[in-house]
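According to the UniProt record's numbering, the sequence shown holds residues 1 to 716 in order. Beta carbons: idealized from backbone N, C-alpha and C, even for Gly.
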Amino acid sequence: MKADTADSQWPRWPPGTAGTTVAQVSLATSVDALLQVVFGPRSAFTLKSQEVHGNKDYLETGWESTIEEVRAALPNARTKPAQLKPPAYQDRFRMTSCSGTSMGIKFKTEELQRVTVCQPGKRYEVESCVATTATYGDRFRCLCSYKLVAQDKGISSLTIAFTLIFIKPVNFVIKKAIENGATSGITKNFEDTIQVLGTFVDVEGGKKPAASVTLPAAPQTPAGNAMGGWGPVFTHLQDSMASLVEPSLVWTMRGLGRAQNPSPATLRASGYIGIGLLYLLLSLLLACLASLERRCRATPGFAYQLCAWSLHAAGLPQSARQLATGCMLLVVGHTALLWTASKVRLLAQRYQAVRAARAAGANEPETPQRGIRFEGYAEALESASAALSGQEREAEAAQAAAEADPFKLKEFSKYLAPENWFGVAKPKQASKVPAEAGSAAGPSKAPALALPNEAHPAGPSGSTPETPVGEDASHQRGMLGSLSGYSNLLSPTFLGRTKDSMMSSLGLGSAARPEELAASTAVSEASAESPPKQGPSPQKPAPPTATLADKPAAPIPAEQIPAGPPGPLESDALQLGPVLEEIFENERMSAFLIWGHSWPGHFLPTDRVGHWSKRDGAPGGKESMAFANVAPALPEGWKWEDEDWHIDRSSAFEEAVDADGWSYAVDFPWLRLPPAPGSGRQRKMQHFVRRRRWLRRRVRPSAGLEGELSKLGVEA
């Protein structure tokens, strides 16, 4: 591997980049011992971290001198490497790899670590570059920085930071999505890593201080139901109004909704530009509505007069200034209401504490004089402290939520939710956990004789096909619900179809009905859809054929099947039935709302597929634009049973594909296999890519089959 290639695939930490700090803790151990815990060969901490993160197939090389050495050693790195002494870590490299599953997609992650600073007993710095095969993982690299510094005697600090580097061009939208998703996932992983580290080394820093037992003044936070039974009605109306005006107010009055110290936030230049554009848009909208009202009023006819009356009754503002003033009044009223609710909440908290204190000393015949500790004083003080401490924690949580959502317009009902302020807490409902996506399944375990259904075809001969991808219903209900998932191969439907295919292929089941045989051998007229235009594609695509279970091969008597499990030679020879080959056609909608497959023109630089592709999206790039480069070749000893390629419409009854076999999605990673029910209905301005599958059967000639069976001692 050349140096420039290594630097492009495994870039270094950019000089002068601070990065995002995700962990900074002090540990009760020496810096040399901390180095062995974190970066020692197959340390218990490393293995436990991989387990907590859900990673599998973990491999780790030793610390070598060059990148070429660690890459060569990684495939066989299954034994524990030799442990080095701290001075030997200088300028050393190590590589790790693991596999994981995210939202049903299995991916592989590799990490290259290099020691940049090695000062035994004082300081160590390690840089790592992480590469992944997850979606869009080939576009960026995650760089991590570990700084281990000795503090006092027996105390060391660990600081972890990261940054993202894009090694391939990515458009703005996808870049933002990658940054947000990667930042969230990396932050969560390092939080779990620090928790695991705390089980091996005592963490001295980073902990929150213990709560004080004194009686602090209750903070003024908006909460409670200050309007009795009318609270839910009012909050529903206000939430509806707020959802309309909040986008425009966020530029001008950010921070005005805070209960404490309400004040407008300082706007940047972009904020003033946004306010000006919003003012112009509102003025244009009001001018259009006023013109429409005058036009309807001057035009005779019931419909026009009704429209004019409706616009007049709506009481439209005469100018954008009036509309802005109305929004300002709404915000001011909302802020005043929050302030009032916080005051009422404060009074309720104080009354609750006083009532608890009185209840603790209710058995005393007389109220003792001021300054005298009576019996029950400690219990009353503890009760009041516990009550106010719990309210303080609740107030801190409310304040954090207020800073995250300064307007509190849509979340206003949270502060006015009905509850008993005087000691009876409202029970919390358990949060609903969304159903998980289909679990990942490995390659099909079916024997070689099993003929899969068209909805779950086998791949080319000599290769193990991927498991058909299943549908996650949550993705259809909301975007980014999940990217992919694997179907359950143990479902009753799939097992039933597999059983029928095996029985029909081996001739062990009941004979097929005459009408089924006639339907399977009949040749229908060519359909109206256009065939592929590149490579050896069919000129007249055949209509969808019956399932393979309805088209059995030549029956073989059961007594002639060799007993016991088949060996490697027998497994290859006993592939008696037809094998279904597949190829996928992909298209994208252009900026002019026209479907096509040209490059450049339709496909984006970030698309990982071209006009034609295999199940895994290969080969990609310019090679995938020609049908001949992607279509599977006919293996030796086989012949095509189907005259030409035909479109798969087996999922049309579920509306998973349309009449032409297309299934639609917002982007190619969102497409499922088999297609999701309902994905055959195109939604304009929501679906920008589509894909359909072409199928063709191949079989072994009878002469070749007899020769293979004779080798196994089976009479034909």
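Length of the line joining the Cα atoms of residue i and residue j
| i | j | result |
| --- | --- | --- |
| Ala659 | Ser624 | 25 angstroms |
| Glu654 | Arg697 | 24 angstroms |
| Ile594 | Cys296 | 37 angstroms |
| Leu347 | Met328 | 29 angstroms |
| Asp202 | Ile155 | 10 angstroms |
| Gly181 | Ala290 | 45 angstroms |
| Leu292 | Leu278 | 21 angstroms |
| Cys118 | His334 | 58 angstroms |
| Gly301 | Cys288 | 21 angstroms |
| Val137 | Arg608 | The question names Val, yet the displayed sequence has Gly at residue 137. Their backbone Cα atoms lie some 11 angstroms apart in a straight line. |
| Pro600 | Pro169 | 15 angstroms |
| Val657 | Glu204 | 59 angstroms |
| Asp648 | Arg700 | 23 angstroms |
| Trp339 | Arg672 | 51 angstroms |
| Phe162 | Thr66 | 23 angstroms |
| Pro635 | Leu74 | 34 angstroms |
| Val689 | Leu112 | 36 angstroms |
| Gly661 | Gly680 | 8 angstroms |
| Ala18 | Ser30 | 26 angstroms |
| Ile105 | Gly54 | 13 angstroms |
| Ser145 | Glu51 | 22 angstroms |
| Thr606 | Asn171 | 8 angstroms |
Run of the alpha helix (DSSP H) containing residue i, from where it starts to where it stops
| i | result |
| --- | --- |
| Ala628 | Phe627 to Val630 |
| Glu73 | Note on residue identity: the sequence assigns Ala, not Glu, to residue 73. Where Ala73 is concerned, the enclosing alpha helix (DSSP H) stretches over Ile67 to Ala73. |
| Ala32 | Here residue 32 is Asp; the residue named in the question, Ala, does not match the sequence. That run of the alpha helix (DSSP H) goes Val31 to Phe39. |
| Val52 | Ala44 to Val52 |
Continuous beta strand (DSSP E) stretch holding residue i: start and end
| i | result |
| --- | --- |
| Asn586 | Val579 to Met589 |
| Phe603 | Careful: Phe603 lies outside any beta strand (DSSP E) and carries neither H nor E. |
| Ile174 | Premise fails: Ile174 lies in the alpha helix (DSSP H), Phe172 to Leu197, not in any beta strand (DSSP E). |
| Thr96 | Phe93 to Ser102 |
| Thr21 | Thr20 to Leu27 |
| Ala665 | Ser663 to Ala665 |
| Phe668 | Counting along the chain, Phe668 falls outside any beta strand (DSSP E), and DSSP gives it neither H nor E. |
| Asp202 | Careful: Asp202 lies outside any beta strand (DSSP E) and carries neither H nor E. |
| Trp645 | It is not in any beta strand (DSSP E) - Trp645 carries neither H nor E in the DSSP assignment. |
| Lys56 | Lys56 to Glu60 |
| Thr299 | That residue, Thr299, is in no beta strand (DSSP E); it is neither H nor E in DSSP. |
| Arg690 | Val689 to Val699 |
Simplified DSSP assignment, three categories, for residue i
| i | result |
| --- | --- |
| Tyr136 | coil |
| Met328 | helix |
| Gln682 | coil |
| Glu125 | strand |
| Lys108 | strand |
| Ser651 | coil |
| Thr335 | helix |
| Trp309 | helix |
| Ala290 | helix |
| Gln119 | strand |
| Val354 | helix |
| Gln90 | coil |
| Val657 | coil |
| Thr163 | strand |
| Leu634 | coil |
| Gln9 | helix |
| Ser461 | Residue confidence is low: Ser461 scores 38 on pLDDT, short of 50, so the model does not pin down where it sits. No coordinate-derived value is stated. |
Cβ neighbour criterion (16 or more within 10 Å) applied to residue i
| i | result |
| --- | --- |
| Gln195 | exposed |
| Ala458 | Because Ala458 carries a pLDDT of 40, less than 50, the predicted location of this residue cannot be relied on, and the following value inherits that uncertainty. Flag for Ala458 reads buried. |
| Thr46 | buried |
| Gln305 | exposed |
| Glu582 | buried |
| Gly610 | buried |
| Ala336 | exposed |
| Ser613 | buried |
| Thr143 | Sequence check: residue 143 is Leu here, not Thr. Buried is the call here. |
| Leu580 | buried |
| Gln349 | buried |
| Ile160 | buried |
| Trp670 | buried |
Interface flag, residue i vs chain D, CB-CB below 7 angstroms
| i | result |
| --- | --- |
| Thr79 | As a matter of chain content, chain D is missing from the structure shown, which is built from one protein chain. |
How about the stretch 46 to 66 and the stretch 91 to 110: do they share at least three Cβ pairs that are nearer than 8 angstroms? yes
Please determine if the stretch 28 to 47 and the stretch 171 to 185 are in contact, where contact requires at least 3 C-beta pairs separated by less than 8 angstroms. no
Any 3 or more C-beta pairs closer than 8 angstroms across the stretch 123 to 137 and the stretch 6 to 15: yes
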